[in-house]
Amino acid sequence: MINVPWRGVGFDLQRGQTIKQWRKAAGLAWSVKGSPVLFDVATMVDYQEIWEFAKRQVLFRNDTNAGLSIVSDKYQIVQPGQILRFFKQYVEELGLFRMAVAGSLLGGRRIWALAASPKPFRVAKGDNLDRRLPLSTSDDRPAEPAVQQLDTRRA
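Position in the sequence shown (first residue = 1) + 1253 = my numbering.
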């Protein structure tokens, strides 16, 4: 396994384990839930009037109830396990990398993984590159998963 990057953020993913085991190891053993966005419009202390923000939902974690984002009511919720499964399938299709590390940032708003090539890429004799593939996505804004190869020269 590679060293855990980003100052200890993220967790090693062991080969041969299930997505469920990876979720637990990576601190992603929670689900995203949606609920209507409600707000209090009352102006008096002893009076409460709750309104709904139409066509919006708040996304939150089911384990801590921490809010992740406010999105359209048409937004399709994607679970952390689905994200890991997609990342794994994407990496395995390439055939050059294997899943190595995963985790979340910003309380779960960003889910990321890092795939690593098991062999360095040889540029010239004594000059090798470690190849990594960081992958990320988020619940706090509509965004497609981001993937970009990262080559690091070995010292």
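Yeah, the Cβ is synthetic: ideal placement off N, Cα and C, and Gly gets one too.
Q. Excluding the five sequence neighbours on either side, which residues of its own chain have a C-beta within less than 8 Å of the C-beta of residue 1290, listed in chain order?
A. 1305, 1306, 1309, 1310, 1311, 1323
**Q.** Residues bridged to residue 1310 (per DSSP)
**A.** 1289, 1324
Q) Do you know how far the Cα of residue 1292 is from the Cα of residue 1367? A) 39 Å
**Q.** Neighbourhood of residue 1387 by C-beta distance below 7 Å, restricted to the same chain and skipping five residues each side
**A.** 1365, 1367, 1401, 1403
Q | Classification of residue 1370 by the beta-carbon crowding that lies within 10 angstroms, buried from 16 upward | A | buried
Q: Inspect the CB distances between the segment 1266-1281 and the segment 1352-1362 and report whether three or more fall short of 8 Å.
A: yes
Q: Please report the residue range of the alpha helix (DSSP H) in which residue 1336 lies.
A: 1333-1347
Q: Look up residue 1405 in the DSSP assignment and give the residues it is bridged to.
A: 1383
Q) What's the C-alpha gap between residue 1302 and residue 1286? A) 25 Å
Q: Out of 1352, 1373, 1407, point me to the one whose CA is closest to residue 1265's CA.
A: 1352
Q. So what's residue 1276 in DSSP terms, helix, strand or just coil?
A. helix
Q) The beta strand (DSSP E) with residue 1367 in it runs from where to where? A) 1363-1369
Q. Taking the DSSP output, what are the residues bridged to residue 1354?
A. 1265, 1367
Q. Should residue 1254 go down as buried or exposed, given a rule of 16 or more other Cβ atoms within 10 Å for buried?
A. Residue placement at residue 1254 is poorly supported in this model, since its pLDDT is 41, which falls under 50; the coordinates still yield a value, given next. Exposed: under 16 other Cβ atoms inside 10 Å.
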